[in-house]
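Participant: Those letters in the sequence shown? Residues 1 to 142, per the working numbering, in order.
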Amino acid sequence: MATATAGNTIQMHYTGTLEDGTVFDSSEGRDPLQFELGSGQIIPGLDAAVTGMAEGEEKTVTIAADDAYGAHHPERVQAVPREQFPDHIPAEVGTQLQVQTPEGQTLPVVIADVSEEAVTIDANHPLAGKDLTFAVSIVGIS
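1) For the alpha helix (DSSP H) holding LEU132, just list the boundary residues, first then last.
2) Taking just the CA atoms, how far does ASN124 sit from MET53?
3) Since ALA71 contacts ALA128 with CB under 8 Å, what's their CB separation in whole angstroms?
4) Can we say the region 95 to 115 touches the region 54 to 74, given the rule of at least three CB pairs closer than 8 Å?
5) Nearest-angstrom Cα distance between THR120 and HIS88?
6) So, using beta-carbon positions, are ARG76 and GLU116 closer together than 8 Å?
7) To the nearest angstrom, how far is it from the Cα of VAL139 to the Cα of VAL114?
8) Indicate the three-state DSSP secondary structure (helix, strand or coil) for GLN96 in the structure shown.
9) Of the choices TYR14, ALA118, VAL110, whose alpha-carbon is the least far from that of GLN84?
10) Starting from the Cα of ASN151, find the closest Cα among ASP20, GLN41, ARG30 and give me that residue.
11) Return the chain-ordered ranges of every alpha helix (DSSP H) run that is complete within the region 20 to 98 and spans a minimum of 4 residues.
12) Given GLU36, which residues of its chain have a CB within under 8 Å of its CB, disregarding the five upstream and five downstream residues?
13) Going straight from the alpha carbon of THR51 to that of PRO86, what length do you get?
14) Mind reading off the beta-carbon distance from TYR14 to VAL136? Whole number of angstroms is fine, and I expect it under 8 Å.
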């Protein structure tokens, strides 16, 4: 039976949960996730955890934040004065936006807080700073 090695195309079903058991993503009801192992298409810790698994094998692994989406960086959170926040954009917590950096790059952000004085935006990945647990099942290796 083949085991997963770098360069293989892997098909797997998975359920990702947070420390409190909240499901943040799952392939349930969908086609399995397909990716090239070792290519950087999935988070590094999950890539490493799948390496060596065999078709039909299942396991549950916890990936530390540093091997997932990295640490939460406070400097990526910024309060924008309300008078500088565009009126046509709804200022609601959880709203996802794209902003342009002074260098012209597009950056996804989420509204993290709203007050009368400011709208706080967060450019961290929503899962940054969190350890993630994945229940994985390898359904194909080629």
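Backbone N, C-alpha and C fix where the C-beta goes; we use that ideal spot for every residue, glycine too.
Facilitator: Working from what's here:
1) No alpha helix (DSSP H) holds LEU132; the beta strand (DSSP E) holding it covers 132 to 141.
2) 31 Å
3) 6 Å
4) no
5) 16 Å
6) Not in contact: ARG76 and GLU116 (Cβ atoms no closer than 8 Å).
7) 44 Å
8) Of the three classes helix, strand and coil, the one that applies to GLN96 here is strand, per DSSP.
9) ALA118 is the residue among TYR14, ALA118, VAL110 whose C-alpha sits nearest the C-alpha of GLN84.
10) Residue 151 cannot be examined here, being either before or after the span of the chain that is shown, 1 to 142.
11) 44 to 50
12) GLY7, ASN8, THR9, ILE10
13) 47 Å
14) 5 Å
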